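**Q** Under the numbering used here, the final residue of the sequence shown carries the number 497; numbering is consecutive throughout.
Beta carbons are placed, not taken as given, at the ideal position from N, Cα and C, and that holds for glycine.
For clarity, every value in this text was computed on a predicted model and none was experimentally measured.
Just passing along the structure, written as structure tokens.
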Amino acid sequence: MKYNNPVIKGFYPDPSVCKAGDTYYLVCSSFQYFPAVPLFESKDLINWKQIGHCLTRESQIELDGVASSGGVFATTIRYNNGRFYMVTTNETLRKNFYVYTDDIYGEWSDPIYVEQDGIDPSLLFDEDKVYFLSTGVDDDGVDGIIQCEIDIETGKKLTRSKVLWMGTGGRYVEGPHMYKIKDKYYLMAAEGGTEYGHMITYTMGDSPYGEFKNYPKNPVLTNRNLGGYAIQGIGHGDLVEDNNGNWWIVHLGFRQISKYEMFHHLGREVFLEPVKFDEDGWFTAGENGVTRDLVETDCIPDSVIQEEKKIYTFANTKLENDWYYLRHPIYENYEFSKDKLVLKGSEVTLEEVSNPTFLGIHQKDFNAEIRYEVSVSGGEGGITMYMDENHHYDLAIRKVDDVYEIVEKLNIGDIKSVENKLSLGNSNKAEIIIRSDNRYYSFFIKNGDEEIALGKAQTRYLSSEVAGGFTGVLIGLYAFGKNLAEFSKFKCE
């Protein structure tokens, strides 16, 4: 069959996958957004459905005062003896921890902390031992991929942390995962930084502590040498064996706005490539070590059809699965139903590292149209194409003195610009339309059957290349000031 990459679109970076029975489960990073750690399930590795989050209580994760791209870093999910484990880092606190559940659809435990340095933690269950890996500094002060043995019930270290591997020479060796496959141990990592030099490498040994021998043709997967190819940033992979004994790698990557324009604003997404082992135990990934946008494979039956949700509304999305707050919300400021969303504004702006009244959904494709009706009782309420607190485009109704106006605002770093204003007189309602393609967001207001163009803004100024950081654009509905903002007829397609 043929399938298209990415298999999960939008800002869902650092994927990790495990299998329980005949079902696959996948988690991703979430940084400053809450609830944290998106959780997906699939029967075929191609079609993924979000079923919830691992961190849904404030007691599990501290996000107050966390700037964009802080908070929850790379995650790992593992399944052992009927229990699921999710291990991650609260990068702001610089602490590694894991949570667990016996019911994948239920609540996860409170955090169990592990006193090992670094980020990007992972777990290996090997018979009666549990190994904890991360990227950091070991107990002797040596930097690299480090490991210790832990008591999985308490998180207590049973051995000293020791460096296993320093990679193959690329900068920022990170994202380690170890696997025992047959009688060999494979240690896989990402190198080169999560930009255009990103790559996946691995080494193989006879025990969890080596001695390791590097794969002779490292990197095993990268697009760093492909000029004029829109898929870039390949890295941070995780292996999984399917129900038929085939191996796969899920990993992150990003889509540039075009082949030769090096900007990406949708965030790092989830890609899937087949893996093949040779008779000596080495494995290859992708097509000649490259991730493709269209993959043809005989490892998935032709009966599997790749499906994609194209339209998002209040009625066909779930607040707890699809929508995100900035940090920990004030819940009384939100009223979500299948017909409308009512937001109670506060004095916290989108530019502050705090908890504005904001509810966002991931932008999943370049080409999109967002429509909704909004009314405000005062203050300001509208939509934001939100990359971070310093990079977002807003289109809103606001009350100035005793009249209302539509305002288009661009926030690009230190540049804060009101690009357009249109008076609504005494009307506090408007129908808003935003259309996007790979290069532009275009803003409109509907007046009867007429569309009035309010302006447009380039997507590149919301890209990671301009804004920095590790996130992607969310389509956010927000309210500011002492007011109620009511949104209805929301549709994103």
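Please identify the residue among Cys22, Pro333, Pro115, Lys99 whose C-alpha is closest to the C-alpha of Ser63.
**A** For the purposes of this step, residue 63 is identified with residue 59 of the sequence shown, where counting begins at 1. Checked all of Cys22, Pro333, Pro115, Lys99; the closest Cα to Ser63 is Pro115.
**Q** So the candidates are Thr158, Trp251, Glu199, Gly140; which of them puts its Cα closest to the Cα of Tyr183?
**A** The residue you call residue 183 lines up with position 179 of the sequence shown. For Tyr183, the nearest C-alpha among the options comes from Trp251.
**Q** Please list the segments of the alpha helix (DSSP H) lying wholly inside the region 167 to 250, counting only runs of 4 or more residues, in order along the chain.
**A** none
**Q** CB Tyr408 to CB Phe362, shorter than 8 Å?
**A** Here the question's residue 408 lines up with position 404 in the sequence shown. Here the question's residue 362 lines up with position 358 in the sequence shown. No, Cβ-Cβ distance for Tyr408 and Phe362 is not below 8 Å.
**Q** Please classify Lys343 as buried or exposed, where buried requires at least 16 other C-beta atoms within 10 Å of its C-beta.
**A** For this step, residue 343 is matched to residue 339 along the sequence shown. Lys is not the amino acid found at residue 343; the sequence shown has Asp there. By the 10 Å Cβ count, Asp343 comes out exposed.
**Q** Check Asn415 in the structure and name its three-state DSSP category.
**A** Position 411 of the sequence shown, counted from the first residue, corresponds to residue 415. In the structure shown, Asn415 sits in a strand (DSSP, three-state: E or B).
**Q** Terminal residues of the continuous alpha helix (DSSP H) containing Ala471?
**A** Along the sequence shown, one-based indexing puts residue 471 at 467. Looking at the DSSP string, the run of the alpha helix (DSSP H) that includes Ala471 is 468 to 471.
**Q** Which residue spans inside the region 438 to 481 form an unbroken beta strand (DSSP E) run of at least 3?
**A** 444 to 451, 454 to 462
**Q** Do Gly417 and Gly383 have their C-beta atoms closer together than 8 Å?
**A** For the purposes of this step, residue 417 is taken as the residue at position 413 of the sequence shown. For the purposes of this step, residue 383 is taken as the residue at position 379 of the sequence shown. No, the pair does not count as a contact, with Cβ atoms beyond the cut-off.
**Q** Whose CA, out of Phe318, Ser421, Tyr390, Asn337, lies closest to the CA of Glu377?
**A** Against the sequence shown, residue 377 aligns to sequence position 373. With distances taken between Cα atoms, Glu377 lies closest to Phe318.
**Q** Determine the extent of the alpha helix (DSSP H) in which Asn325 is found, giving its start and end residues.
**A** As a first step, residue 325 is located in the sequence shown; it is residue number 321 there, counting from the start. 323 to 326 is the extent of the alpha helix (DSSP H) around Asn325.
**Q** Could you check whether Leu323 and Ile387 sit closer than 8 Å to each other, using their CB atoms as the reference points?
**A** Translated into positions along the sequence shown, residue 387 becomes position 383. Translated into positions along the sequence shown, residue 323 becomes position 319. It is not a contact, given that the beta carbons lie outside the stated cut-off.
**Q** Can you list, in chain order, the residues of its chain whose CB lies under 7 Å from that of Arg443, leaving out five sequence neighbours each side?
**A** Your numbering for residue 443 matches position 439 in the sequence shown. For Arg443, where only same-chain residues beyond five positions count, the Cβ hits under 7 Å are Ile261, Gln462, Thr463.
**Q** Rounded to whole angstroms, what's the CA-CA distance from Met389 to Ile479? Just pull it up for me.
**A** Counted from its first residue, the sequence shown places residue 389 at position 385. Counted from its first residue, the sequence shown places residue 479 at position 475. Roughly 5 Å between the two C-alpha positions.
**Q** Please list, in chain order, all residues of the same chain as Glu178 whose beta carbon is under 6 Å from its beta carbon, the five residues on each side excluded.
**A** Translated into positions along the sequence shown, residue 178 becomes position 174. Excluding positions up to five away in sequence, the list reads Asp124, Thr139, Ala194.
**Q** With the cut-off set at 8 Å, would you say Phe101 and Gly75 are in Cβ contact?
**A** For the purposes of this step, residue 101 is taken as the residue at position 97 of the sequence shown. For the purposes of this step, residue 75 is taken as the residue at position 71 of the sequence shown. No, they are not a contact pair.
**Q** Name the residue from Gly429, Val422, Ile185, Asp392 whose alpha carbon lies nearest to the alpha carbon of Lys403.
**A** Along the sequence shown, read from residue 1 onward, the residue named residue 403 stands at position 399. Of all alpha-carbon atoms in Gly429, Val422, Ile185, Asp392, the one lying nearest the alpha-carbon of Lys403 is that of Gly429.
**Q** Could you say if the region 217 to 235 and the region 279 to 293 meet the contact criterion of at least three C-beta pairs nearer than 8 Å?
**A** In short, these stretches touch, since the Cβ pair count reaches three.
**Q** Between which residues of its own chain and Ile456 is the CB-CB distance below 6 Å, once the five residues before and five after are set aside?
**A** Locating residue 456 in the sequence shown gives position 452, where the first residue counts as 1. Cβ within range, chain order: Ile449.
**Q** Look up Asn8 in the DSSP assignment and say whether it is helix, strand or coil.
**A** On the sequence shown, residue 8 is found 4 positions in, with the first residue counted as 1. If DSSP states are grouped into helix, strand and coil, Asn8 belongs with the strands.
**Q** Would you kindly check if the distance between the Cβ of Asp282 and the Cβ of Lys13 is under 8 Å?
**A** What you label residue 13 is simply residue 9 of the sequence shown in a count that begins at 1. What you label residue 282 is simply residue 278 of the sequence shown in a count that begins at 1. It is not a contact, given that the beta carbons lie outside the stated cut-off.
**Q** Comparing alpha-carbon positions, which option in Asp284, Cys58, Phe474, Val294 lies nearest Asp107?
**A** Along the sequence shown, one-based indexing puts residue 107 at 103. Among Asp284, Cys58, Phe474, Val294, the Cα nearest to that of Asp107 is on Cys58.
**Q** Measure how close the beta-carbons of Ile374 and Thr321 come, nearest whole angstrom, since I'm counting them as under 8 Å.
**A** Here the question's residue 374 lines up with position 370 in the sequence shown. Here the question's residue 321 lines up with position 317 in the sequence shown. That pair is no contact at about 13 Å.
**Q** Is Val134 near Glu153, with beta carbons less than 8 Å apart?
**A** Numbered from its first residue, the sequence shown carries residue 134 at position 130. Numbered from its first residue, the sequence shown carries residue 153 at position 149. Yes, the Cβ-Cβ distance between Val134 and Glu153 is below 8 Å.
**Q** Can you confirm whether the region 207 to 217 touches the region 228 to 248 when touching is taken to mean that 3 or more C-beta pairs between the two stretches lie within less than 8 Å?
**A** With the rule of 3 Cβ pairs closer than 8 Å, the region 228 to 248 does not count as touching the region 207 to 217.
**Q** Check whether the Cβ atoms of Ile499 and Val294 sit closer than 8 Å, and answer yes or no.
**A** For the chain, the structure presents residues 5 to 497; residue 499 sits outside this window and is missing.
**Q** Could you pull the DSSP bridge partners for Phe494 from this structure?
**A** Within the sequence shown, numbered from 1, the residue matching residue 494 stands at position 490. In DSSP, Phe494 forms no bridge with anything.
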